[in-house]
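To start, the structure under review is shown below, and the notes come after it.
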Ligand code: SAJ
């Protein structure tokens with residue numbers, strides 16, 4: 001029997017998942033609250049930039065197996081892939097998970113499987129998803145299965161990692177765990193590990209926290225090295241020659257919608273205990289202001305400096321500006337009128353706040369070259385052309 005799947009939330013995780021399952025023969029309904037997103041997908045087009053995603057979506061829609069709409073429908077398997085942001089008070093915002101669960105409740109029947117893929121605080125699968133289904137009148141005792149299987153894909157490599165990464169699957173009970181794990185085993189080449197819902201939730205938070213804490217170490221080292229006039233990149237390269245040392249890269253701060261967010265879920269769940277995790281978040285959050293101060297100290301030498309700001313995205317070779325430290329830095333420089341800014345972001349066509357200029361123009365006119373993102377275009381810059389510029393390279397690529 002053909003499996004029917006309903007995917008709630010057609011963003012960076014939901015759209016690749018829905019399209020991938022459709023090309024593997026599942027009958028997929030993709031659901032998004034935005035009618036613009038729905039129309040784009042039904043035209044076999046994409047609203048997000050990710051390598052090969054356009055090809056996959058085209059093939060999924062043309063096969064007749066992927067249809068997008070604004071309301072859920074009946075299915076054997078429901079995926080919840082909606083955002084779980086952090087609020088200004090650093091507490092998780094689970095309102096999208098709640099409303100997605102409410103939206104599917106009228107369609108969930110005995111034997112169905114509900115999988116939460118969104119990264120979430122410990123206990124969400126049981127205390128929010130399961131409880132909401134019960135509140136909405138779903139008779140979960142009749143064999144409705146609920147599990148958490150956190151997404152783990154890296155933006156820029158989503159379609160590869162969707163298939164190849166190992167998966168952690170934790171159900172609310174043994175049948176849920178088994179059903180969800182068996183579902184993934186049909187499609188992924190990585191290993192599928194079975195555990196409890198809570199442990200699956202904490203595993204995902206731990207992965208992103210590990211990275212945040214390690215980047216914080218690198219960022220702190222970069223500030224210390226600057227004070228001592230030491231090249232932090234050389235330092236890390238040499239220290240990493242030790243067989244048990246592997247320091248990550250410093251940068252202008254940590255961005256995106258995952259690593260800069262998820263550790264706060266751990267802190268919120270254990271505010272007294274999560275001391276290192278909180279401090280790491282603060283170290284990374286303070287880095288953009290440190291970069292701004294650095295630019296100001298160099299700009300002071302000029303009457304009216306032109307500053308080329310290279311990159312706005314949160315990391316290399318993506319068009320995603322969410323929680324981007326580069327964007328934060330450029331905004332601070334503009335607000336403080338530090339100089340004439342020439343902003344270059346090759347991955348987007350335009351920006352509502354800033355005029356974007358071509359790279360060659362920015363480089364030609366700059367007194368100060370501020371490299372904020374290690375996009376491939378910037379890595380390829382000819383050192384000869386930069387000789388007379390002051391370079392502030394937050395990514396260590398020039
Ligand atoms: N960054 C540094 N230095 C580094 C590595 C990264 O400053 O050495 C910065 C990046 O520039 C960026 C931020 O950290 O601003 C995050 O980038 P990333 O590439 O480390 O991670 P994301 O946010 O794109 O994706 C992460 C991944 N998690 C892990 O690698 C543990 C991905 O596998 C998750 O699926 C994703 O979060 C998610 O959705 O949670």
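In my numbering, the protein residues as written are 1 to 398. We put the beta carbon where it would ideally sit given N, CA and C, even for glycine.
| Item | Value |
| --- | --- |
| Residues that DSSP places opposite residue 147 in a beta bridge | 115 and 171 |
| Outcome for residue 281 when other beta-carbon atoms lying within 10 angstroms are tallied against a minimum of 16 | buried |
| Short Cβ contact (8 Å threshold) for residue 155 with residue 52 | no |
| Continuous alpha helix (DSSP H) stretch holding residue 213: start and end | 197-228 |
| Reduced DSSP secondary structure (H/G/I, E/B, other) of residue 384 | helix |
| For review: beta carbons within less than 6 Å of any heavy atom in ligand 3 | The model depicted lacks ligand 3 and carries ligand 1 instead. |
| Touching by the beta-carbon criterion (3+ pairs, under 8 Å), the segment 335-345 and the segment 273-291 | no |
| Contact the segment 173-187 vs the segment 352-364: 3+ CB pairs below 8 Å | no |
| Exposure of residue 64, with buried meaning 16 or more beta-carbon neighbours within 10 Å | exposed |
| Burial state of residue 375 (16 or more Cβ within 10 Å) | buried |
| Straight-line Cα distance separating residue 327 from residue 312 | 5 Å |
| Three-pair Cβ contact test at 8 Å for the segment 167-176 versus the segment 77-90 | no |
| Cβ-Cβ separation, residue 369 to residue 386 (assumed contact under 8 Å), whole Å | 6 Å |
| Residue 31 vs residue 72 beta-carbon contact at 8 Å | yes |
| Status (buried if at least 16 other CB within 10 Å, exposed otherwise) for residue 320 | buried |
| Spatially closest choice to residue 397 from 111, 271 and 251, by CA coordinates | 251 |
| Secondary structure of residue 393, DSSP reduced to three states | strand |
| Buried or exposed by the 16-neighbour rule on C-beta atoms within 10 Å, applied to residue 17 | buried |
| Stretch-stretch touch, CB-based, cutoff 8 Å, three pairs: the segment 293-300 with the segment 232-243 | no |
| Helix, strand or coil at residue 154 [DSSP, three-state] | coil |
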